[in-house]
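If you're matching positions, the sequence shown starts at -14 in our numbering and goes up one per residue.
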Amino acid sequence: MPQFYDLCIRDRSEELEAKMQELGWNISPGLETVFLEAKEWGELKRKIGEERNEADVLVFKGGNEKLNRKACEDSRIDVLLHPEKGRKDSGFNHVIAKEASKNQVAIGLDIALITEASNKVQSHLLRHWKRNLMLCEKYNSPYIITTSARNKYELRAPKDLESIIESLGYNGKKAVSEFPEQIRR
């Protein structure tokens, strides 16, 4: 039976975890996910050093292409979340994909960006996701999809997220089960 993990949940309340189990997610008690944001490499490097030993999962919230690349060059980062955020392009290219593969940094697709965006922006995000997934598959880079839920109403079932990836032509089971399981270990 497959195990489903959403690694990028910020504040895990009992109510949120109960809803996650109801929807089919596996709960990892005590799993500490730390989210990093930075405007320059020195700041990101310092934060990685400070947080790596405290975190089970270290997530960098991307958007800046230079920092996206630096994050993927550092094996201490587990997930590069939404590299396309705030950009007109996908924020991800073949060089970053190769580095992500070499250092086992998963590319995180954040469903919250889709649900909060206008129709026009949604179509751009899905196009970027498809391109990023193509690069991930080509260079064997891990990828995950997350709800980034802040409350029980923002959660989605694992099969729903799996279906989104499959509608783009890629393996959804990898995104909700296989790669998150590898990161969790």
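Even glycine gets a Cβ: it sits at the ideal position worked out from N, Cα and C. The structure displayed is predicted, hence computed values, not measured ones.
- Straight-line spacing of the CA atoms in G76 and N53 works out to 7 Å.
- Comparing alpha-carbon positions, the option among K32, V42, T131 and V19 lying closest to L98 turns out to be T131.
- Annotation for A91: no alpha helix (DSSP H) segment contains it, though the beta strand (DSSP E) segment containing it runs A91 to D95.
- Using a Cβ distance threshold of 7 Å, K105 and E0 do not count as a contacting pair.
- Within the same chain, Cβ atoms closer than 6 Å to the Cβ of A142 are found at L8 and G9, the five residues on either side in sequence being excluded.
- Within its own chain, the residues whose Cβ lies closer than 7 Å to the Cβ of E22, once the five positions on either side in sequence are excluded, are K46, listed in chain order.
- About 19 Å separates the CB atoms of R169 and D(-4); that is not less than 8 Å, and the two are not in contact.
- Nearest in C-alpha terms to L43, of all of C(-7), A3 and I129, is C(-7).
- Non-local beta-carbon contacts of G157 in its own chain, meaning distances under 6 Å to residues more than five positions away in sequence, involve E147, I150 and E151 in chain order.
- By a beta-carbon distance limit of 8 Å, H113 does not contact E163. Their separation comes to about 22 Å.
- Across the structure, E50 and I12 are spaced so that their CA atoms are roughly 33 Å apart.
- Using a Cβ distance threshold of 7 Å, C57 and A40 do not count as a contacting pair.
- About 14 Å separates the CB atoms of L140 and D95; that is not less than 8 Å, and the two are not in contact.
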